[in-house]
Amino acid sequence: MAASAGGRRPRATAVPGRALRHERPACDPRRSPLRGRAPGRRARRRRPPPRRPGGGDRLTELTLFEAELELSRPFRIARGTRETLEVLFLRIREGDSTGWGEAHPAPDVTGETALETREALASLDPDEVNALDPASTLAAHEDLGPAARSALDLALHDLAGRQADQPVHTLLDLPCGHMPCAGTVTVSDPDDAAEQAREWLRSGFFHLKVKIEDPEDGLEATRRVAELLPTDLPDRFPEPEVWVDANEALDLDQAQALLTGLDTLGARLVEQPLPRAATADLAHLAQDAPVPILLDESVQSPEDVRAVGRIEGPTMANIKVQKVGGLQAASACLDAGQATGTPLVVGCNIETGLGIAAGSALTGAVDRADLDGNRFLANEPFPLARPRPGFAGTPEGPGLGAYPDPGKLDALDKIVSLGTA
């Protein structure tokens, strides 16, 4: 889909049993998040503040923190179980303005260890970080790994938005939007999966994603979850959905059996059933797939999105801000999806409200949202308000729209502070 003059067009959204429609929901919180903006209207854009002469755009302080956050329950997927989140926070402070970024490296996702990311961010030179020009600063730090680059990217965009008094999605020329958010049911036996689903439903979520590692047990867990989906939602609400995510755990025969079973359960999509390296098998699986295949681990760059678009068969691409290296890279992935007509999902890892806010900035330009990662934290340092329970929406800002809880910042361990005036 081509971009409209001055910005991206809202994506066409296919809803089973309904016609394709274009939606550009209003960001005004006083309006219903289910009601679209009048055709042709765009959010008013304000110019960013001009550069101050005499080198006044030099940042005042760059500070790196780290923390190990407890989860409210073990998070189990096919690759293993996590009970804590190791996270790094980068703070850029200039005068009265502050921007925050987040990184949580994972060797199997971003290719970085925590030590490598910590050292990369601690070695940043404040004189090479221009808070008024995020694009140039990021171009000068292309050697950073995805997680480290994401921390720098988010902090720069957060600061730029706060200085300009506008939300990040406006800085990136992205439409605003609200849509249902998937709630994740972790790998477990069918009884526990059903109980997790009930908890999500009680919290207002009606799009549910079931993590599996075995086709037979996974199908039974999915069946139990699907049976719980509400059938009496108001007409203005999108239909309830169940997804399945195998996190690369299956082989081709298992994946084919899973797809057949999911079709009978009414599942809307299956996420990353095969290892990312099994490109030929993924292409073969997609050819006659009865439900769309969402590729996650296979998508780490705009070129990967274009590769998904070249697959014959129903496929989608999952864009995660941390995985691709920040909002600038994620925006390039959106462009790649539009150029190839590839349906897109904005996803997340386990991350704080800061990272979820960054992903939420993309919600007006994608087809589905899976942004529940902060809900697994027992002690959230960056609380983020949702437009309504069970939905993801574009934060209003300024900046990323997520602000640290002062009472919880004391629990962060300061690693290094650079460039203090």
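Every number in the numbering used here is 62 more than the matching position in the sequence shown, counting from 1.
Backbone N, C-alpha and C define an ideal beta-carbon position, used for all residues, glycine too.
Original post:
Per DSSP, which one or two residues make a beta bridge with ALA454?
Top reply: MET241
Subject >> Those runs of the beta strand (DSSP E) which lie wholly inside the region 356-383 and span at least 3 residues >> reply: 377-382
Subject >> Unbroken beta strand (DSSP E) run spanning ASP475, endpoints >> reply: 475-480
Original post:
Which whole-angstrom value describes the C-beta separation of PRO457 and ARG224, a residue pair presumed to lie in contact below a C-beta threshold of 8 angstroms?
Top reply: Rounded, the Cβ-Cβ distance is 12 angstroms, inconsistent with contact.
Original post:
Using DSSP with H/G/I as helix, E/B as strand and the rest coil, what is LEU396?
Top reply: helix
Subject >> Same chain, Cβ closer than 7 angstroms to ALA255, neighbours up to 5 away in sequence not counted >> reply: VAL247, VAL272, ALA283, ARG286 and VAL287
Subject >> Where PRO452 falls, given that 16 or more other Cβ within 10 Å makes a residue buried >> reply: As written in the sequence, residue 452 is Gly, which differs from the Pro given in the question. Buried is the call here.
Original post:
Taking only runs of the beta strand (DSSP E) that begin and end inside the region 265-333, which ones reach a length of at least 3 residues, in chain order?
Top reply: 269-273, 303-307 and 331-333
Subject >> Inter-residue spacing [alpha-carbon to alpha-carbon] between HIS166 and ARG264 >> reply: 30 angstroms
**OP:** Indicate whether SER360 and VAL386 have their beta-carbon atoms separated by less than 8 angstroms.
**Re:** no
**OP:** Give me the Cα-Cα distance between LEU344 and ARG448, rounded to the nearest whole angstrom.
**Re:** 35 angstroms
**OP:** Please go through the same chain and pick out, in chain order, the residues whose beta-carbon is closer than 8 angstroms to the beta-carbon of PHE267, but skip the five residues on each side of it.
**Re:** PRO242, CYS243, ALA244, GLY245, ASP434, PRO451 and GLY452
Subject >> Exposed unless 16 or more other CB atoms sit within 10 angstroms - verdict on ALA398 >> reply: buried
Subject >> 8 angstroms Cβ cutoff met for ARG180 and ILE412 >> reply: no
Original post:
With a CB to CB cut of under 6 angstroms and the five nearest residues on each side skipped, what residues in its chain are close to GLY469?
Top reply: none
Subject >> C-alpha gap between LEU462 and LEU446, whole angstroms >> reply: 10 angstroms
Subject >> Closest residue to HIS240 among ALA464, ALA454, ASP475 and VAL408 (Cα-Cα distance) >> reply: ALA454
Original post:
Are the CB atoms of ARG144 and ASP170 nearer to each other than 8 angstroms?
Top reply: no
**OP:** Can you tell me which of the three DSSP states PHE127 falls into?
**Re:** strand
Original post:
When DSSP labels each residue in this structure, what does GLU164 get in the three-state scheme?
Top reply: strand
Original post:
Sorted by chain position, which residues of the same chain lie with C-beta nearer than 7 angstroms to SER159's C-beta, five sequence neighbours on each side aside?
Top reply: LEU221, ARG224 and GLN225
**OP:** Measure the beta-carbon distance from GLN349 to GLU374 and round it to whole angstroms, keeping in mind my assumption that it falls under 8 angstroms.
**Re:** 6 angstroms
Original post:
Count the other CB atoms within 10 Å of the CB of ALA392; is the residue buried (16 or more) or exposed (fewer)?
Top reply: buried
Subject >> When ASP429, PRO466 and ASP432 are compared against GLU442, the one with the closest alpha-carbon >> reply: PRO466
Original post:
In whole angstroms, what separates the C-alpha of GLU275 from that of ASP307?
Top reply: 9 angstroms
Original post:
What does ARG144 pair with, by DSSP beta-bridge criteria?
Top reply: PHE137
**OP:** Would you kindly report the start and end of the unbroken alpha helix (DSSP H) that includes VAL408?
**Re:** VAL408 -> not in any alpha helix (DSSP H); beta strand (DSSP E) instead, spanning 406-409.
**OP:** Following the continuous alpha helix (DSSP H) through SER185, name the residue where it begins and the one where it ends.
**Re:** Segment: none, SER185 is in no alpha helix (DSSP H) and carries neither H nor E.
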